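Engineer: Going by the numbering used here, the first residue of the sequence shown is number 2, and it counts up by one from there. Dumping the structure here so I can ask a few things about it.
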Amino acid sequence: MTSPFRHIRAPDLTTDFRNPFRILAMSADDKSKNPVDFADFKNKVVLIVNTASKCGFAPQFNGLENLHQKYKDQGLIVLGFPSNQFGNQEPGTDEEVQQVCQVNFGVTFPLLSKIEVNGDNAHEVYKYLKDQKAGIAGIKKIKWNFEKFIINKQGKVVLRYSSITKPEDLEKEIIKLLDE
């Protein structure tokens, strides 16, 4: 007898945007173009931010670095995704971006390779993040630099914050998620 389930396939974690845990099957390049495998972030709380060192919100690098230093040993991963999509505020190479952020803001958390966050060339991570958590008024598009997404330990996108939300304002939510 043939099984009635033989034609049922499990969703592909790498292509199914409906899967709320798909982020763990993704990767992104670091500044040296080496892949960073998001599967390594399982059982970690991840804060993802699109950054630009010449943006008026760039002082938020300090708050992001403070969160990184304070909670990295408890399981917080802060990831910066530099992007030049808003006002040409991140024009340099990946190496230049890294240097500017280290010198001007003391950044030690990982800054990945520059990407696009909107449009046809948006990185798959950002396509997924926007699909999982819409912004204000249900708008999925990233509106400006320093929008923030928080992913829980299971890999689910649980929170999204606008550019005006300061990193220190995320601390209570981060602590709650770290304690889960």
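From the three backbone atoms N, C-alpha and C, an ideal C-beta is built for every residue, glycine too. Fair warning: this is a prediction, and the values are worked out from it, not measured in the lab.
Comparing alpha-carbon positions, which option in H69, Q86, F87 lies nearest V79?
Structural biologist: Translated into positions along the sequence shown, residue 79 becomes position 78. With distances taken between Cα atoms, V79 lies closest to H69.
Engineer: Taking K32 as the reference, give the member of W145, I152, F110 with the closest Cα.
Structural biologist: Here the question's residue 32 lines up with position 31 in the sequence shown. If we check each option's Cα against that of K32, F110 comes out closest.
Engineer: Counting only the same chain and skipping the five closest in sequence on each side, list residues whose C-beta sits under 6 Å from that of K185.
Structural biologist: As shown, the chain starts at 2 and ends at 181. That puts residue 185 outside it, with no answer to give.
Engineer: Does the Cβ-Cβ distance between N51 and E148 come in under 8 Å?
Structural biologist: Along the sequence shown, one-based indexing puts residue 51 at 50. Along the sequence shown, one-based indexing puts residue 148 at 147. Taking 8 Å as the Cβ cut-off, N51 and E148 qualify as a contacting pair.
Engineer: Could you name each continuous alpha helix (DSSP H) segment of 4 residues or more that falls completely within the region 48–93, going from the start of the chain to the end?
Structural biologist: 61–72
Engineer: To the nearest angstrom, report how far apart I155 and K34 are at their CA atoms.
Structural biologist: Along the sequence shown, read from residue 1 onward, the residue named residue 155 stands at position 154. Along the sequence shown, read from residue 1 onward, the residue named residue 34 stands at position 33. Residue identity check: residue 155 is Gln in the sequence provided, not Ile. So the alpha carbons of these two residues sit roughly 26 Å apart.
Engineer: Might you give, ordered along the chain, the residues of its own chain that have their beta carbon closer than 6 Å to the beta carbon of I169, omitting 5 neighbours on each side?
Structural biologist: Numbered from its first residue, the sequence shown carries residue 169 at position 168. A quick correction: the sequence has Glu, not Ile, at residue 169. Counting only Cβ-Cβ distances below 6 Å, and skipping sequence neighbours, we find G64.
Engineer: Give the DSSP bridge partners of S28, in chain order.
Structural biologist: Residue numbering aside, residue 28 sits at position 27 when the sequence shown is read from its first letter. Answer by DSSP bridge pairing, in chain order: D38.
Engineer: From I137 to R161, what distance separates their C-alpha atoms?
Structural biologist: Here the question's residue 137 lines up with position 136 in the sequence shown. Here the question's residue 161 lines up with position 160 in the sequence shown. Cα to Cα, I137 sits roughly 9 Å from R161.
Engineer: Going by beta carbon distance, what residues of the same chain come within less than 7 Å of K167, once the five residues before and after it are set aside?
Structural biologist: Against the sequence shown, residue 167 aligns to sequence position 166. Taken in chain order, the residues that qualify are Q61, G64.
Engineer: Starting from the C-beta of K115, find all residues in its chain whose C-beta is less than 7 Å away, skip the five residues before and the five after it, and write them out in chain order.
Structural biologist: Taking the first residue of the sequence shown as position 1, residue 115 is located at position 114. Result list for K115: P83, S84, N85, E91, D95, V98, in chain order.
Engineer: When we look at the beta-carbon of A123 and count the other beta-carbons within 10 Å, is it buried (16 or more) or exposed?
Structural biologist: Taking the first residue of the sequence shown as 1, we reach residue 123 at position 122. So A123 ends up on the buried side.
Engineer: Kindly identify the DSSP beta-bridge partner or partners of R161.
Structural biologist: Translated into positions along the sequence shown, residue 161 becomes position 160. According to DSSP, R161 bridges with F150.
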